[in-house]
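Sequential numbering from 239 applies to the sequence shown in the working numbering.
Backbone N, C-alpha and C fix where the C-beta goes; we use that ideal spot for every residue, glycine too.
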Amino acid sequence: MTRAVTLPGLVNAHSHAFQRALRGRAAGDDFWSWREGMLAEAAAQTPQTVRDLYAETYREMRAAGFTAVGEFHYLGPDSALAAAEAAAEAGIGFVCLYVAYARGGLERMRQPTVTAYLEQVETLRARGIGVGVAPHSVRACPRDWLVELGRYAAAEGLPLHVHADEQPREIEECLAEHRLRPIELLADSGCLGAHTTVVHATHANGAELDLLRDSGSTICACPTTEADLGDGFLPAVRVRHRGIPLCIGSDSNVRIDPFEELRELEGIARRQEGRRGIFATDELWAIGGANGARALGLEAWDEIEVDPRHRSLRGVAPEHVRAALVAGCGADVVLPPGRGVPGA
Numbered sequence: 239m240t241r242a243v244t245l246p247g248l249v250n251a252h253s254h255a256f257q258r259a260l261r262g263r264a265a266g267d268d269f270w271s272w273r274e275g276m277l278a279e280a281a282a283q284t285p286q287t288v289r290d291l292y293a294e295t296y297r298e299m300r301a302a303g304f305t306a307v308g309e310f311h312y313l314g315p316d317s318a319l320a321a322a323e324a325a326a327e328a329g330i331g332f333v334c335l336y337v338a339y340a341r342g343g344l345e346r347m348r349q350p351t352v353t354a355y356l357e358q359v360e361t362l363r364a365r366g367i368g369v370g371v372a373p374h375s376v377r378a379c380p381r382d383w384l385v386e387l388g389r390y391a392a393a394e395g396l397p398l399h400v401h402a403d404e405q406p407r408e409i410e411e412c413l414a415e416h417r418l419r420p421i422e423l424l425a426d427s428g429c430l431g432a433h434t435t436v437v438h439a440t441h442a443n444g445a446e447l448d449l450l451r452d453s454g455s456t457i458c459a460c461p462t463t464e465a466d467l468g469d470g471f472l473p474a475v476r477v478r479h480r481g482i483p484l485c486i487g488s489d490s491n492v493r494i495d496p497f498e499e500l501r502e503l504e505g506i507a508r509r510q511e512g513r514r515g516i517f518a519t520d521e522l523w524a525i526g527g528a529n530g531a532r533a534l535g536l537e538a539w540d541e542i543e544v545d546p547r548h549r550s551l552r553g554v555a556p557e558h559v560r561a562a563l564v565a566g567c568g569a570d571v572v573l574p575p576g577r578g579v580p581g582a
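Here it is, written out as structure tokens:
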């Protein structure tokens with residue numbers, strides 16, 4: 239009798255679920271022109287469209303093996319409640335990484351003051367929703383906001399997530415305004431620490447990586463989105479050499495496949511180093527699961543079951559299944575929750 243293989247679930251530490259609606263659109267020739275189409279999509283969202291689209295997207299995540307998600311949410315408090323309801327319907331663990339936005343973007347994304355932002359965070363917490371503090375970026379939050387958000391997250395024991403060093407232009411603008419690179423500014427304003435996750439860090443230099451290492455911060459890599467947007471390659475080998483924890487996210491949800499995210503991460507490292515096996519199998523599973531859970535402040539998340547009779551696992555010995563999953567399988571190897579192996 240063939241039995242399903244039970245494994246730790248994967249954790250999606252960075253998602254913008256509404257961007258699932260952009261899948262397949264050839265929008266713009268670089269990140270900044272793509273962003274205009276993304277903002278137009280954000281402007282069109284309502285609590286009801288969020289409720290419907292996010293439930294569908296979260297079901298796709300759950301089917302792919304993600305059993306918890308950190309939703310980097312900047313569509314307002316009413317839509318945050320709708321997102322939490324959608325996650326509950328889909329059966330996926332949920333943390334609302336509620337975004338602070340002082341300038342730029344759309345009016346619906348912005349709060350008038352950092353105090354108003356923190357009041358919104360407290361309202362979500364009072365509703366029993368898992369919440370993280372999320373200054374969108376150093377573009378969206380001035381230094382005084384970053385100082386207050388770093389203080390609040392540390393005092394309340396909440397995760398702090400922030401985009402940084404995704405694009406060279408972002409770095410140039412930060413240098414012009416602050417004479418510091420983005421991660422240097424985050425360090426200077428008290429936003430780094432063991433509770434902090436920096437999303438992307440694609441163009442982080444050695445000094446910035448040292449700051450992340452020394453502060454115990456985590457990097458969330460989103461390889462399929464970073465490829466789709468032409469962001470560049472995470473300095474994966476230099477990150478690993480420093481022992482900086484990594485987790486993964488589906489980000490724009492152009493693809494929802496945790497095994498592909500992990501495989502891309504290892505593939506980037508192999509290209510950079512010119513050899514195979516940079517991240518061991520156990521490391522990749524930690525990046526895909528436990529590290530993401532820690533980044534979201536989760537103590538538990540669901541397991542998954544995979545079908546050992548799937549065509550991509552045919553001939554694979556049981557002791558090699560975990561390695562085979564990250565080396566050459568897609569999300570379709572994951573069984574629906576609670577259903578077991580068909581015909582077993």
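- The bridge partners DSSP lists for Y312 come to none.
- R417 has its alpha-carbon roughly 43 Å from the corresponding atom of E298.
- Between V559 and V288, the C-beta gap is not smaller than 7 Å, which leaves the two residues out of contact.
- Counting only the Cα atoms, A255 lies some 9 Å from A293.
- A325 is the residue among R341, L344, A325 and A340 whose C-alpha sits nearest the C-alpha of C334.
- DSSP places P461 in the uninterrupted alpha helix (DSSP H) bounded by P461 to D466.
- At a cut-off of 3 residues, the continuous stretches assigned as beta strand (DSSP E) that sit fully inside the segment 317-363 are 331-338.
- Only residues of its own chain outside the window of five on either side were considered, and among them R377 have a CB closer than 7 Å to the CB of E411, listed in chain order.
- Cα atoms of V359 and A340: separation of roughly 15 Å, rounded to the nearest angstrom.
- Sequence-distant Cβ neighbours of A533 in its own chain, meaning closer than 6 Å and more than five residues away, are A251, T435, T456 and C485.
- Residue environment: W539 is assigned as buried (16 or more neighbouring CB atoms within 10 Å of its CB, all protein chains considered).
- When the beta-carbon positions are compared, D382 and A439 stay at least 7 Å from each other.
- Bridge pairing for A372: V337 [DSSP].
- Look at the segment 483-545 and you find these whole runs of beta strand (DSSP E), each 3 residues long or longer: 484-486 and 541-544.
- Less than 7 Å divides the Cβ of I421 from the Cβ of E446.
- When secondary structure is reduced to three states using DSSP, V437 falls in the strand class.
- According to the DSSP secondary-structure assignment, T456 is paired through a beta bridge with T435.
- The Cβ neighbour count for D545, taken over all protein chains shown within 10 Å, is at least 16; the residue is labelled buried.
- Three or more beta-carbon pairs separated by less than 8 Å are not found between the segment 302-315 and the segment 503-520, which leaves the two stretches without contact.
- Separation of T305 and R493 (C-alpha to C-alpha, rounded to the nearest whole angstrom) is 16 Å.
- Note on A507: 16 or more other CB atoms within 10 angstroms of its CB, so buried under the neighbour-count rule.
- Judged by their CB atoms, G526 and L248 are nearer to each other than the 7 Å cut-off.
- Close CB contacts of H548 within its chain, under the 7 Å cut and outside five residues either way in sequence, are with V571 (chain order).
- Exclusion of the five residues before and after G568 leaves D495, F497, E498 and S550 as the residues of its chain whose Cβ lies within less than 8 Å of its Cβ.
- Per the C-alpha coordinates, the member of A302, R478 and S490 positioned closest to A465 is S490.
- In this structure, V564 sits near R501, with a CB-CB distance shorter than 7 Å.
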